[in-house]
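Going letter by letter, the sequence shown gives residues 421 to 805 in this note's numbering. Read through the structure below, which is laid out as structure tokens, and then see the notes.
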Amino acid sequence: MKILIAEDDITVRTILESFVQSIGHDPITATDGREAYEVWELEHPRIVVTDWIMPYIDGLEMCRRIREKDDRYTYIMIVSSQDSQQDIVRGLEGGVDDYLTKPVNYHEFKARIEIGERIVKLETELIRRFDTIKRNYFQTVKMFTNLIEIFDEELGGHCRRVAELGLRIAKRHPDVSEQDYSTLEAASLLHDVGMIGLPNSLVTKRKVEMTHDEKKLYRAHPTQGEVILKEIEFLRPVSRLVKYHHEQFNGRGFPEGLKGDDIPLLSRIINAACAYDDLLRKWRVPLEDIPVRLQRQRNYELDPEIVDILLEINLDHIHNEETKGWIEVDIDKLENGMVLAKDIRMKRGALVMPADTELSEYGVEKLKNFLDLACISNRAIIYKF
Ligand SMILES: [Fe+2]
């Protein structure tokens, strides 16, 4: 392990350097606080042994600067000739982890470096475990997203587009913080997970065309989604947002008829993103006509502040539509992340995958399988950008 030694006294520096080498570590030396800080920035040693009083910046100031910038924990030990109890307390309160007085005893130094090593290793292990938890979180969300896609390709596409649009709304909304983005993204991707298991016909059916029983089934899907997701502890905040994604600003939504600000902000965003996506994809409303349709929903179904943001985004879409083009690609060459510009249909005309679907690994695989079975043509139209 690299250990940085900051010491202006050449004799002490040489002794510490030989101590570090003899216990099997790799010493890097600096002759003053400024040089030591520059070396730390460059090499990021996890253990720093430093004198207190040094030219330019002293050991405590260096410690303060390291703590300010440190994203991995650096274990800092002061080795000083200031040996009063007051000095030791001041040093430890200044943010260092350990304090050793000169002259340094080899055995004590070795034992204290071992403590530092243990702390650094524990921190590394903690980060590794945290990364695993984070990875599991995203894999679980992805698994549910794939399930929705397998249940109904169109519903899967809707969820992915809602997630993308929801994030765009959130980034423009003054009350949404960056920490909320991943929860919003997961909740948007999974907002209709409660539809799995319902008759597929309900996914595309207009609400006015549903029978009483169908309506009852349909209106249960947000709560059903909540029930599924809250089983997984780290998805509980997501499950709450899913539960309220059909609440309306005027209080006439479901399942609880919440009104205005009583509806969680992120659920209001998901709801608005769904409404926009339905206008565009389900009802094929041209971009130019969307503002009129959105204005009708302002203060009724949708939060007026979010409608304003959607109107801005719609203007961007109109602009993009004018400037973006599309290209033809062999089905074999399709990759994750490409976006279909036109529907892919079976030779008999049945829809396989709708336009605006962002291709996932599963989606690409599915199209290649359809091609192998000679059900679709070997070319797809995708957006250039
Ligand atoms: Fe829904």
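Each residue gets a CB set at the ideal place from its N, CA and C atoms; glycine is no exception.
Checking 8 Å against the spacing of the C-beta atoms, do M873 and R532 come in under that value? In the structure as shown, the chain starts at 421 and stops at 805, and residue 873 therefore has no counterpart that could be examined.
Between the C-alpha atoms of G745 and K804, what's the straight-line distance to the nearest angstrom? 6 Å
Measure how close the beta-carbons of P675 and T643 come, nearest whole angstrom, since I'm counting them as under 8 Å. 5 Å
Spatial neighbours of K788 within its chain, please: CB distance less than 8 Å, with the 5 preceding and 5 following residues excluded, ordered by chain position. I751, D752, L754
Spatial neighbours of G677 within its chain, please: C-beta separation below 6 Å, excluding the five flanking residues on both sides. G671
Identify which residue in E781, A794, T777, F550 has its Cα closest to the Cα of I801. T777
Looking at the structure shown, is L587 part of a helix, part of a strand, or coil, going by DSSP? helix
Pocket of ligand 1 defined by Cβ to heavy atom distance under 6 Å: H611, D612, H641, H665, H666
Which residue comes first and which comes last in the alpha helix (DSSP H) that contains S442? 430-442
Sorted by chain position, which residues of the same chain lie with C-beta nearer than 6 Å to L731's C-beta, five sequence neighbours on each side aside? P711
Element boundaries [beta strand (DSSP E), containing Y493]: That residue, Y493, is in no beta strand (DSSP E); it is neither H nor E in DSSP.
Do T565 and L609 have their C-beta atoms within less than 8 Å of each other? yes
From the DSSP secondary-structure annotation, give me the bridge partner or partners of W746. Y803
Which residues mark the beginning and the end of the alpha helix (DSSP H) in which V561 is found? 526-571
Terminal residues of the beta strand (DSSP E) in which Y519 lies: 518-521
In three-state DSSP terms, what is M773? strand
DSSP on V759, reduced to helix/strand/coil? strand
Tell me the residue span of the beta strand (DSSP E) that contains P447. 446-450
Give the straight-line distance between the Cα atoms of D697 and H578, rounded to the nearest whole angstrom. 7 Å
Relative to the C-alpha of S687, which candidate in R580, S659, D452, I547 has its C-alpha closest? S659
Output the boundary residues of the beta strand (DSSP E) element that contains A426. 422-426
Might you give, ordered along the chain, the residues of its own chain that have their beta carbon closer than 8 Å to the beta carbon of R484, omitting 5 neighbours on each side? G514, G515
Please report the residue range of the beta strand (DSSP E) in which I616 lies. Counting along the chain, I616 falls outside any beta strand (DSSP E), and DSSP gives it neither H nor E.
Could you give the DSSP three-state label for I764: helix, strand or coil? strand
By how many angstroms is the C-alpha of E584 removed from the C-alpha of I486? 38 Å
In its own chain, which residues sit with a C-beta less than 8 Å from the C-beta of D600, not counting the 5 before and 5 after it? A590, L686
Flag K650 as yes if its beta-carbon sits less than 8 Å from any beta-carbon of chain C, otherwise no. Although the question refers to chain C, the structure presented lacks it and comprises just one protein chain.
Would you report the Cα separation of Y526 and F439, rounded to the nearest angstrom? 7 Å
Go ahead and pull the three-state DSSP assignment for R660. helix
T820 (DSSP reduced to helix, strand or coil): For residue 820 there is no data in the structure shown, the boundaries of the chain being 421 and 805.
At which residues does the alpha helix (DSSP H) containing V712 begin and terminate? 710-717
For V784, report the span of its alpha helix (DSSP H) as first-last. 781-792
In chain order, what residues of the same chain lie with their CB nearer than 8 Å to the CB of Q877, ignoring the 5 residues before and after it? Residue 877 lies beyond the range of the chain shown here (421 to 805); nothing can be said about it.
Quick one, which of L604, L791, I553 has its alpha-carbon nearest R588's? L604
How big is the Cα-Cα spacing for V468 and D517? 10 Å
Smallest Cα separation from V749: which of Y493, D709, S797, S504? S797
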